[in-house]
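Here the structure comes first, spelled out in structure tokens, and everything after it is commentary.
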Amino acid sequence: MERRAIKKKAPYVEKTLEWLEKVSDRSVLYRDIDPFHQVFQFTEHVYSIFEECANGGSDLWINLIEGESAALLVDTGYGIGDLAKLVRHLIGDKKLYVVNTHEHYDHVLGNCRFDRVYCHPYALPFIKENYMSQDMFSPYMDENGNGIYLDFNKNDLPEFKGYELVPCNDGDRFELGEDHFVDVIYTPGHAAGGLSFLDRKNRILFTGAMHSGNTLIEGLQEQYREYNTVEAFADALEIIKEKELDSFDWIYAAHEIPVLEKGYLPEQLEVCKDLIRDHACNESITYDENGRECYCHMVGNAGLRYFRTSFRTK
Ligand SMILES: [Zn+2]
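Residue numbers for the sequence shown follow my numbering, so the first one is 291 and each next one is one higher.
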């Protein structure tokens, strides 16, 4: 697989890169349309679009669910390359809904390629305040407009244009065709404005930045901090486990190895419960994308990275 990374990525992505090589024969690069996104298919009617990380951290998976009459794009990435054109190439002129799994830059900077994007009400003010101008691309470029961590230049970026940011919340649903519904489930923890999307027809839960083997919970969000905690994550996982565990077979995560068996979710819940009982039950010290020390606790294949700040204060 072609790589564009210039600087070394976070150490924990090695396992994912190995896995990617094994499945690269299932992917297509539409170089003339968008050389920055490699399109994989792990199941029929779902395109898993791989985007290399622009800040040296974790690469991203953007998912496109194609229904009979409409499609749902889950996240928009860094904005590098022309994702909108690629999506149109894949789905033709079907109606397109665009959603953000949460408010972090690597999931939302590409929003301005589209006219309307749905996100959780807690994500909305953060995106509006931080990612609504051409400046949002600056941290990833040097003074000449070239990528610092990834081989791109300013001509690969969109000209920022305003777009409609629309709140959507737990219980909302998108209809992609007759009897094809995708339900919105509020899943805070990694971010206060976290959403998952349950595709009942394809039996897949799209979880954004959660359940990716290395979910990071900082607990440092200024607004709605109580929803950026291990406790908030545990509450959300508990509800999904109780109500919806029979509704899906697979979890599609936004980082690292993207296709996970659904047994991952109860393991992730056990990780949270262990940590709530004992905040110091970590096995190892590791690092976040900014090189800050954090702790890691695992149960089976599921892991959580966290700080001492990642919990609700009494
Ligand atoms: Zn995130």
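Ideal Cβ placement from N, Cα and C applies to all residues, glycine included.
Which residues DSSP lists as bridging residue i, in chain order
i, result
"Met-431", "Gly-437"
"Glu-573", "According to DSSP, which records beta bridges pairwise, Glu-573 is partnered with nothing at all."
"His-327", "Glu-341"
"Tyr-395", "According to DSSP, Tyr-395 bridges with nothing at all."
"Ile-541", "Leu-495 and Leu-550"
"Tyr-476", "Leu-485"
"Leu-362", "Ile-355 and Tyr-387"
"Val-336", "Thr-333 and Ile-355"
Any C-beta of chain C under 8 Å from that of residue i
i, result
"Glu-356", "Absence of chain C from the displayed structure is noted, only one protein chain being present."
Classification of residue i by the beta-carbon crowding that lies within 10 angstroms, buried from 16 upward
i, result
"Pro-429", "exposed"
"Leu-510", "exposed"
"Met-291", "exposed"
"Gln-513", "exposed"
"Gly-346", "buried"
"Gly-382", "exposed"
"Arg-293", "exposed"
"Ile-296", "exposed"
"Arg-321", "exposed"
"Glu-411", "It should be noted that the sequence gives Pro, not Glu, for residue 411. Exposed, because fewer than 16 other Cβ atoms sit within 10 Å of the Cβ of Pro-411."
"Asp-432", "exposed"
"Ala-444", "In the sequence as presented, Ala is not what sits at residue 444; that position holds Lys. It counts as exposed."
"Lys-552", "buried"
"Glu-260", "In this structure the chain extends from 291 to 604, so residue 260 is not present and cannot be described."
"Asn-580", "exposed"
"Thr-477", "buried"
"Ser-600", "buried"
"Val-318", "exposed"
"Gly-590", "exposed"
Where the beta strand (DSSP E) through residue i begins and ends
i, result
"Pro-415", "Premise fails: Pro-415 lies in the alpha helix (DSSP H), 414 to 420, not in any beta strand (DSSP E)."
"Thr-505", "505 to 507"
"Leu-510", "Unbroken run through Leu-510: none, as it is neither H nor E."
"Glu-356", "350 to 356"
"Ala-592", "592 to 596"
"Arg-406", "406 to 409"
"Tyr-387", "385 to 389"
"Ser-486", "485 to 489"
"Ser-317", "317 to 319"
Terminal residues of the alpha helix (DSSP H) in which residue i lies
i, result
"Phe-523", "520 to 534"
"His-587", "It is not in any alpha helix (DSSP H) - His-587 instead sits in the beta strand (DSSP E) that spans 583 to 589."
"Ala-374", "373 to 381"
"Val-313", "304 to 313"
Can you confirm whether the stretch 519 to 529 touches the stretch 402 to 421 when touching is taken to mean that 3 or more C-beta pairs between the two stretches lie within less than 8 Å? no
Between the stretch 460 to 480 and the stretch 346 to 353, can you find at least three pairs of beta-carbon atoms closer than 8 Å? no
Stretch-stretch touch, CB-based, cutoff 8 Å, three pairs: the stretch 388 to 407 with the stretch 440 to 459: yes
If you pair each beta-carbon of the stretch 532 to 551 with each one of the stretch 573 to 583, do three or more pairs fall below 8 Å? no
Three or more C-beta pairs closer than 8 Å, one from the stretch 484 to 494 and one from the stretch 390 to 399: is that the case here? yes
Within the stretch 438 to 470, note down every full beta strand (DSSP E) run reaching 3 residues or more, in order along the chain. 454 to 457 and 463 to 467
Taking 8 Å as the cut-off, does the stretch 545 to 562 touch the stretch 321 to 329 (at least 3 CB pairs, one atom from each stretch)? Not touching, per the Cβ criterion.
Whether or not the stretch 364 to 383 and the stretch 302 to 314 are in contact is what I'm after, with contact meaning three or more pairs of Cβ atoms, one per stretch, closer than 8 Å; do they touch? no
The stretch 431 to 451 touching the stretch 491 to 501, judged by at least three CB pairs closer than 8 Å: no
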